[in-house]
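Here's the structure we're looking at; comments come further down.
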Amino acid sequence: MFRLSLTLITAALAHVSHAVDNEVENRSTVQSSIPDYCATPLASYFDGKSRLTPDCIVQPRAAKEVATIVKVLTAASFLKRCQFAVRSGGHTPIPGANNIDNGVTIDLLYMNGTTYDPDTKLASISPAARWGSVYETLEPLGRMVGGGRGSTVGVGGFLLGGGISHYAPRIGLACDNVVNFQVVLASGLIVNANKKTNSDLFKALKGGNSNFGIVTRYDMETFESEDLWGGIVTWPSSTVDQHFKALVNFGTDPNRDPNAALIVFQGYSTATLADVVRAAFDYTKPVARPDAYKEFYAITPNLTDTTKIQPMSAIAAEFGSDTTKRVQFRTVSFKIDLATLQETARLYKILITEIQAKASGDYRISCLSQVWSTSYTANSTAKGGNVLGTERYKENFIMYQSYLLWSEPKDDKLFMDLGLMLTNGIEKFAKSKGTLIDYLYLNYSDKDQDPLTGYGPENVKFMKKVATKYDPLGIYQNLLPGGFKISKV
Ligand SMILES: Cc1cc2nc3c(=O)[nH]c(=O)nc-3n(C[C@H](O)[C@H](O)[C@H](O)COP(=O)(O)OP(=O)(O)OC[C@H]3O[C@@H](n4cnc5c(N)ncnc54)[C@H](O)[C@@H]3O)c2cc1C
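Going by mature numbering (1 follows the signal peptide of the UniProt record, and there is no 0), the letters in the sequence shown line up with residues -19 to -1, 1 to 470, in that order.
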């Protein structure tokens, strides 16, 4: 029965693609480029664990095609449940979030163009564009958007989870700079969601992941493009305490310069065999060594320094990351507190020691501490709101991310258990010290984590209401199992 249904579905999807291809020829759309990775969709998943083998991969080129695919899959499911996955850039390292075994993957890879309208000053970006291509399109036009810090990261998932750019302290989260989403609803209807039209859907999409629809276009505010000063400076691991003290002062400074973005991270890799502390400095004006980071410059000697004045596209290329073998992201948030930061370093040492003793292949460990600034969401409400709920925090906090990367499938358990030990240990310490923050950043969360609950009860209730209103049959809850589901909260 299943095989028969699948054959029917596949045939129907093939027919759909053909029929709509003919329509596409008659439409005046801006042609998106076709990157090499479109030919090898599975190999282009960032995380090797996520290279599942769907029964069928459909690669639409326009919103109308996405709508037809959703209608076919929904109709087919009346015969036999046919689950599907949606993939934009494919950067989420959670198997099943953006791909599926025994189902259909809607792979948006061909929908990757960026256009700019000088009259409205808006950039219209397709979901599978990578941020590097967005910056390369906008920079020659003298415009910029707040997007991913790495060139390879996809637009689609990034904007539905919040989106932290180097510009975030100045212009807020990337999702709050979206003025309109074009969305394919579960019924197959293509709608706009903005401050005036479907304003509840507009708000829910800003943080709500894949719960409400498949977004086929993001219209974003742009601003004048200027070179930035930035790069990565590396120090020996012995300086970690000095960095944490400087990070506390940076994060609690009431007069913090809104142009100054910063990530401090501890790291070790088999490529360098060096245990180090790094700081990624990104100042959104062409000013070398601005005062905002002066406490960090005083930590000497450093080992390497790549900082220079350069365009956003060049900075993003330095942050870009090729597809990899195995990856785990986990996250925990806590108040800006030296003792909690020091605890992260203690647990990091345990993790590194275990991995050095037991891992059989290559690996790279990065544990990142970033300041989540109240300015990230200061203008959210005025812009139509989002569902993250972070306005309830009146002080900046630390968003910690463990980013483990390894080569051997047989080491999966080792790395994933140690990642869990690290964030659980930090959480336990922070809870006991009263520094734990409930909010978890969805784009850095692992499968067992629950970022939607961290948005707070009001936002959970709101998201449930919006999901029921726009998808009464629960298609995106039941047939699209990947991602963080509001029905499971
Ligand atoms: C190297 C690297 C660097 C990163 N840097 C940053 C950073 O600077 N700032 C930051 O905030 N985050 C960063 N991230 C995290 C990143 O935001 C998430 O991994 C994000 O999900 C990537 O988007 P994507 O389109 O590539 O994801 P995908 O894996 O394709 O999708 C992620 C989720 O969103 C859903 N989804 C995707 N597109 C759509 C759509 N069009 N409609 C509905 N649902 C959709 C998918 O089904 C999936 O559940 C980084 C990640 C990596 C791996």
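Cβ atoms here follow ideal geometry from the backbone N, Cα and C, with glycine treated the same way.
For clarity, every value in this text was computed on a predicted model and none was experimentally measured.
Buried or exposed (CB count within 10 angstroms, at least 16 for buried), residue i
| i | result |
| --- | --- |
| T325 | buried |
| P282 | exposed |
| E46 | buried |
| R270 | exposed |
| T334 | exposed |
| D121 | Sequence check: residue 121 is Pro here, not Asp. When all chains shown are included, P121 counts as exposed. |
| D263 | buried |
| K469 | exposed |
| T404 | buried |
| P432 | buried |
| L454 | exposed |
| N179 | buried |
| T34 | exposed |
| N158 | buried |
| N236 | exposed |
| K394 | exposed |
| A56 | exposed |
| R8 | Residue placement at R8 cannot be trusted, given a pLDDT of 31 that sits under 50; what the coordinates show is reported in the next sentence. Per the 10 Å Cβ criterion, exposed. |
| A252 | exposed |
| T118 | buried |
Pair within 9 Å by beta-carbon distance, residue i and residue j
| i | j | result |
| --- | --- | --- |
| I331 | M402 | yes |
| F218 | Y344 | It is worth fixing the name first, because residue 218 is Ser in this sequence and not Phe. Against a cut-off of 9 Å, the Cβ pair of Y344 and S218 comes out as no contact. |
| A105 | L89 | Note that residue 105 is Ser in the sequence shown here, rather than Ala. Going by C-beta atoms, S105 is not nearer than 9 Å to L89. |
| F246 | R307 | no |
| G153 | N377 | no |
| A448 | N192 | yes |
| R130 | F277 | no |
| L186 | T305 | no |
| I213 | T287 | yes |
| residue 490 | F59 | Limits of the chain in this structure are -19 at one end and 470 at the other, which puts residue 490 out of reach. |
| K414 | T321 | yes |
| G143 | N440 | no |
| D392 | S347 | no |
| W112 | T96 | no |
| I379 | I280 | no |
| R124 | S206 | yes |
| residue 480 | V196 | Residue 480 cannot be examined here, being either before or after the span of the chain that is shown, -19 to 470. |
Closest residue to residue i among the options (Cα-Cα distance)
| i | options | result |
| --- | --- | --- |
| D100 | E202, N173, V134 | E202 |
| N161 | K428, I145, F183 | F183 |
| Q458 | G131, V67, K30, L23 | V67 |
| D222 | G128, G189, L319 | L319 |
| Y384 | S69, P74, P462 | P74 |
| G137 | T118, V126, Y199 | Y199 |
| E408 | Y381, V196, D398, K61 | Y381 |
| F410 | N236, G84, L328, D427 | L328 |
| L461 | A295, W112, E372, C63 | C63 |
| residue 471 | I81, K266, G70 | Given that the chain is displayed from residue -19 to residue 470, the structure contains no residue 471 and the question cannot be resolved. |
| V165 | L454, A48, D256, T96 | A48 |
| N79 | K61, K102, A109 | A109 |
| N83 | E117, K61, D28 | K61 |
| K375 | K394, C348, T355 | T355 |
| L209 | K446, A279, V268 | V268 |
| V85 | D36, K394, R259, A338 | D36 |
| L349 | N230, K394, G464, H224 | H224 |
| G194 | V172, S31, A363, K339 | V172 |
| S114 | P76, Q351, M293, T285 | M293 |
| F27 | T21, A56, H72, I50 | H72 |
| C156 | K176, G135, G188 | G188 |
| A167 | F315, K52, D429 | K52 |
| F315 | I418, I456, E372, D256 | I418 |
| V229 | I81, G127, A363, Y274 | Y274 |
Residue-level contact to chain D via CB, residue i, 9 Å cutoff
| i | result |
| --- | --- |
| D452 | Although the question refers to chain D, the structure presented lacks it and comprises just one protein chain. |
One or two residues paired with residue i in a DSSP bridge
| i | result |
| --- | --- |
| G212 | F262 |
| T95 | I106 |
| Y344 | W387 |
| G248 | V257, S347 |
| A66 | T86 |
| L243 | F262 |
| T285 | T215 |
| M125 | F204 |
| K316 | F378 |
| A174 | F162 |
| Q291 | L209 |
| F310 | Y384 |
| W353 | F378 |
Examine the Cβ distances between the stretch 364 to 376 and the stretch 436 to 450 and report whether three or more of them are shorter than 8 Å.
With the cut-off at 8 Å, the stretch 364 to 376 and the stretch 436 to 450 touch.
Touch check for the stretch 91 to 98 and the stretch 29 to 43: three-plus C-beta pairs under 8 Å?
As far as the Cβ criterion goes, the stretch 91 to 98 touches the stretch 29 to 43, which means the pair count is three or higher.
Okay, do the stretch 139 to 157 and the stretch 230 to 249 touch, 3+ Cβ pairs below 8 Å being the bar?
Verdict: yes, contact present.
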